[in-house]
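Notes to accompany the following structure.
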Amino acid sequence: MIPSSQYSRWTRFVVCIALTVASVSQVSAQTPDRVWLQPTPRTSTSSDWYPQPIAKTDGEVVDLDATQLRLIVAGDEVETIVAASRVIWIQPGDVSSHQSEAVSDFFAGRFAESLKALPEVLKQRPPVWRQQWLTMMGAEAARRTSRGQIALELVSQLDARPLPPLVIAWLPIAWQNGSASADLISAAKGRLNDPSPAVRLVAASWLLSSPHRADAITVVDAITSDTSRPRLAQLAACLRWRSASPPEVKQSYQQWQSNVQSMPMVLQVGPTMTLIDKLGAAGLADAASPMKLSLELTPIHPHPSLLDWSP
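Numbering-wise, the sequence shown is residues -29 to -1, 1 to 282 according to mature numbering (1 follows the signal peptide of the UniProt record, and there is no 0).
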């Protein structure tokens, strides 16, 4: 366990490692990276109206940032550029044993072990985009072990630079109603006015089921209106559904479904969890069933909200 008094020093170390710029000269991976991509939008002249499958591509990920993925597809020599919003998931071809174990621990629910391993994993300097995702995984592990200060500090440091949607999707947001621990509530109260909108959004989500609900709603509404951070604004608008009454849910849920479907697929899982939760509470289980079945059988990508959810 990391003592709370040491969280600031610990997070500074993690982020210092995590944001180290990768060397310009890189050795090609022995095992290809595997990338899952959202289908491209249909054109008005398209004659094929069947649903398009998610594309799966093997190759070498050169870089992933907030706007684009640079990929050398297996068998090619030139880079392919893809919009970052289309990137649903990346499975790196070669990872260290420490990294593999930390990720496995996380998905097995051993969050304390995963978080403890993070500094050593990042010290090995995987690609920057991977460092960002691993650090966000650490923030989620910290939330799940009631280390609120660590979680929010990691989010704050990551939000100092633009993030790929794949990383934003893993913000440690509480997407479903339910009480938060005293540690999370205390940490969230202290960061509601943080300069980082990502920190404010996460903190507000932890307070929506607390006596500080009104303050949290005010913060969420402000982020929803922030046009400078459109991805966070989309997530904030969906998070706001948590405060809706059953009559409001019954009146608005079809529009909410449409809103989720219009978002990049990589960002849809958290909002879908909120929608399912609210439909169930409003007595609309039948409307929630197709979404529940979809997440159960064909989840868009691995997402922490799915770890403790039983369809």
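Just so it is clear, CB atoms sit at the ideal spot from N, CA and C, and this is done for glycine as well.
With contacts defined as CB atoms closer than 7 Å, P135 and A207 fail to qualify as a contacting pair. Cβ contact annotation for E84 (same chain, cutoff 7 Å, sequence separation greater than five): D76, in chain order. Listed in chain order, the non-local C-beta contacts of I247 below 7 Å within the same chain comprise A259, M262 and K263, local neighbours out to five positions each way being set aside.
Note that the C-beta distance between A158 and L123 is below 7 Å. Between the segment 224 to 238 and the segment 55 to 64, the count of C-beta pairs closer than 8 Å reaches three or more; the two stretches touch.
A contact is defined here as three or more CB-CB pairs under 8 Å, and the segment 167 to 182 meets this definition with respect to the segment 208 to 227. The way I'd put it, the segment 216 to 234 doesn't touch the segment 21 to 39; fewer than three beta-carbon pairs between them come closer than 8 Å.
Here P3 is buried, its C-beta having at least 16 other C-beta atoms within 10 Å. Per DSSP, the continuous alpha helix (DSSP H) segment holding W100 begins and ends at V99 to R115.
Secondary-structure assignment with DSSP links V240 through no beta bridge to anything. When DSSP states are grouped into helix, strand and coil, W141 belongs to the coil group. R57 is bridged by DSSP to nothing; it lacks a bridge partner.
Between the segment 187 to 200 and the segment 225 to 232 there are fewer than three inter-stretch CB-CB distances shorter than 8 Å, so the stretches are not counted as touching. In summary, D47 is exposed, with fewer than 16 beta-carbon neighbours lying within 10 Å of its beta-carbon over all protein chains present. Remark: C-beta atoms of L155 and G119 approach each other more closely than 7 Å.
P275 and A79 have their C-alpha atoms roughly 11 Å apart.
Comparing alpha-carbon positions, the option among K221, G241 and P242 lying closest to A256 turns out to be K221. Closest option to P273, judged by alpha-carbon separation, among R81, L137 and R115: L137. Membership of G30 in any alpha helix (DSSP H) is not indicated; the residue belongs instead to the beta strand (DSSP E) covering A26 to L35.
Residue S127 holds the alpha-carbon nearest to the alpha-carbon of D165 among I271, L277 and S127. Scanning P270, E111 and T106 for the CA closest to the CA of E91 turns up T106.
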